[in-house]
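Visitor:
Numbering (our numbering), first residue to last: 52 to 198.
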């Protein structure tokens with residue numbers, strides 16, 4: 052199995068993103084130079100990816116994971132810049148920077164998974180336009196009168 056066909060497998064994309072970020076986050080947290088918020092939002096991100104793996108047809112799970120990933124990019128950037136250690140913790144810094152660098156690519160993989168599940172990437176989850184726009188009363192059958 053080559054890489055292209057592996058990335059086209061629906062569940063494998065989410066599992067690969069989860070595994071890669073889990074390893075990078077675990078190594079980035081080996082030192083105590085990062086703020087506590089780094090661990091908090093990355094745990095939320097991993098949990099949302101586990102939710103996306105568990106609920107195979109859920110568009111909401113992928114959408115939440117994508118939003119957390121996009122916001123985590125900004126939070127990672129701020130955390131790394133503001134708390135960069137002057138000495139030591141280079142091993143942890145390298146993995147935190149790799150994690151930051153991979154976030155846009157994993158966002159693209161999550162977007163691909165979202166479109167495969169039938170969703171669209173909008174800021175508001177219910178505003179995709181796939182919902183019917185008119186109300187259909189199910190208690191009273193529709194009667195058409197022709198003159």
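Each residue gets a CB set at the ideal place from its N, CA and C atoms; glycine is no exception.
Remember, it's a predicted structure, so these values are computed and weren't measured experimentally.
1) Would you check if the distance between the CB atom of residue 140 and the CB atom of residue 82 is smaller than 8 Å?
2) Just to confirm the assignment: which complete beta strand (DSSP E) runs, minimum length 3, are found wholly within the segment 80 to 113?
3) Between which residues of its own chain and residue 88 is the CB-CB distance below 8 Å, once the five residues before and five after are set aside?
4) Kindly confirm or deny that the segment 135 to 152 and the segment 94 to 109 touch, where touching means at least three C-beta pairs closer than 8 Å.
5) Measure the CB-CB distance between residue 71 and residue 93 and report whether it falls below 8 Å.
6) How big is the Cα-Cα spacing for residue 79 and residue 73?
7) Return the Cβ separation of residue 170 and residue 114 in integer angstroms, given the expectation that the two are a contact with Cβ distance under 8 Å.
8) What number of angstroms, rounded off, separates the C-alpha of residue 134 from the C-alpha of residue 117?
9) Taking only three categories from DSSP, how would you classify residue 168?
10) Between residue 100 and the rest of its own chain, which residues show a CB-CB distance below 7 Å, the 5 nearest in sequence each way excluded?
11) Out of 53, 167, 54 and 96, which has the shortest C-alpha to C-alpha gap to residue 124?
12) Quick check on this structure: which residue in 102, 159 and 136 has the alpha carbon closest to the alpha carbon of residue 205?
Guide: Result, derived from the coordinates:
1) yes
2) none
3) 126 and 130
4) Verdict: no, contact absent.
5) no
6) 10 Å
7) 6 Å
8) Between residue 134 and residue 117, the alpha-carbon positions lie close to 25 Å from each other.
9) coil
10) 65, 68, 69 and 116
11) 96
12) There is no way to answer for residue 205, as the model of the chain reaches only from 52 to 198.
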